[in-house]
Amino acid sequence: MLQSLRPFLTKILNPLAKRMNINPNIVTIISPFVALLAAYGFANKLLILGTIAILLSGFLDVVDGAVARYHNRTSKFGAFLDSTMDRFADAIIYIGIIFGGYCDWFVGVLAIHSAICVSYVRARAESQGIECNIGIAERAVRMIILMVGAIIGYFTGDIYFTYIIYILVILSYFTVGQRILHVWRQLND
Numbered sequence: 084m085l086q087s088l089r090p091f092l093t094k095i096l097n098p099l100a101k102r103m104n105i106n107p108n109i110v111t112i113i114s115p116f117v118a119l120l121a122a123y124g125f126a127n128k129l130l131i132l133g134t135i136a137i138l139l140s141g142f143l144d145v146v147d148g149a150v151a152r153y154h155n156r157t158s159k160f161g162a163f164l165d166s167t168m169d170r171f172a173d174a175i176i177y178i179g180i181i182f183g184g185y186c187d188w189f190v191g192v193l194a195i196h197s198a199i200c201v202s203y204v205r206a207r208a209e210s211q212g213i214e215c216n217i218g219i220a221e222r223a224v225r226m227i228i229l230m231v232g233a234i235i236g237y238f239t240g241d242i243y244f245t246y247i248i249y250i251l252v253i254l255s256y257f258t259v260g261q262r263i264l265h266v267w268r269q270l271n272d
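Following our numbering, the numbering of the sequence shown begins with 84 at its first residue and continues without gaps.
Encoded structure:
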């Protein structure tokens, strides 16, 4: 869904990537620690801190790939590490949301499960040679919705942030369904 922004982001990120001649895996490993700051913010009812930390974590997630591509340091391990750290970050953020009381534990676990399943289905599809970056709620979209929901919750009340989390669970499972259907079509053509 956000793939159309890649050329625009490349123009913005290349000058930054040019100056950051470091191992992109270092940037990748930092991202879940920033997500831990987001979890801390949510767990302590600091929605703006949580939002800013998600934004920074997402920025680092984009920068690591830009640095890798610009300096020709892309690798299969780097892609694997990036995906793994993204799953850690997703779970850490939702754990903070659960501890903050923005949703009950069951909905929080569903949010974690659905986020992981979206990525798992894509990974399994790609292991079958099928490109599968489709769906209404890929990771970047989910993080944007989560940030917008936290800001809405900050200004209007916690219950609206809770509604956003419920919506994210539904959108994530819907995306899983979209991806499964896509793979089924590809394998049965």
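Every residue, glycine too, gets a C-beta built ideally from N, C-alpha and C.
Local Cβ density within 10 Å of E221, reported as buried at 16 or more and exposed below that: Taking the first residue of the sequence shown as 1, we reach residue 221 at position 138. With 16 or more other Cβ atoms within 10 Å, it is buried.
Take I217 and list the residues in its own chain whose beta-carbon comes closer than 7 Å to its own, dropping the five residues that flank it on each side. Translated into the one-based positions of the sequence shown, residue 217 becomes position 134. Closer than 7 Å at Cβ, skipping near neighbours: Q261, R262, H265.
How many Å lie between I277 and I247 at the Cα? Examination of residue 277 is not possible in this model, given that the chain is present from 84 through 272 alone.
Tell me where the alpha helix (DSSP H) around K159 begins and ends. In the sequence shown, counting from the first residue as 1, residue 159 sits at position 76. That run of the alpha helix (DSSP H) goes 159-182.
Touch check for the segment 195-202 and the segment 134-142: three-plus C-beta pairs under 8 Å? no
What are the boundary residues of the alpha helix (DSSP H) that Q261 is part of? Within the sequence shown, residue 261 is the residue found at index 178, counting from 1. Its alpha helix (DSSP H) spans residues 241-270.
Determine whether the beta carbon atoms of V259 and V204 lie at a separation below 8 Å. Translated into positions along the sequence shown, residue 259 becomes position 176. Translated into positions along the sequence shown, residue 204 becomes position 121. Result yes, Cβ atoms of V259 and V204 sit closer than 8 Å.
State the CB to CB distance for the pair T245 and C186, rounded to an integer number of angstroms; the pair is presumed to be in contact (CB under 8 Å). Locating residue 245 in the sequence shown gives position 162, where the first residue counts as 1. Locating residue 186 in the sequence shown gives position 103, where the first residue counts as 1. Between C186 and T245 the Cβ distance is about 5 Å, and since that is below 8 Å, they are a contact.
If we require 4 or more residues per run, which alpha helix (DSSP H) segments fall completely within the segment 101-163? 107-126, 130-153
Please go through the same chain and pick out, in chain order, the residues whose beta-carbon is closer than 6 Å to the beta-carbon of E96, but skip the five residues on each side of it. The sequence position of residue 96 within the sequence shown is 13, counting from 1. Correcting the residue identity first, residue 96 is Leu in this sequence and not Glu. Around L96: A149.
Rounded separation between D165 and N271 - CA only: As a first step, residue 165 must be located in the sequence shown, where it is residue number 82. As a first step, residue 271 must be located in the sequence shown, where it is residue number 188. Roughly 31 Å between the two C-alpha positions.
Can the beta-carbon of I137 be found closer than 8 Å to that of L229? Residue 137 sits at position 54 when you count from the first residue of the sequence shown. Residue 229 sits at position 146 when you count from the first residue of the sequence shown. Yes, they are a contact pair.
Helix, strand or coil: how does DSSP classify G212 here? Translated into positions along the sequence shown, residue 212 becomes position 129. In this structure, G212 counts as coil in the three-state DSSP scheme.
Would A284 and G183 qualify as a contact pair, given that the criterion is a beta-carbon distance under 8 Å? Residue 284 is absent from the structure shown; the chain starts at 84 and stops at 272.
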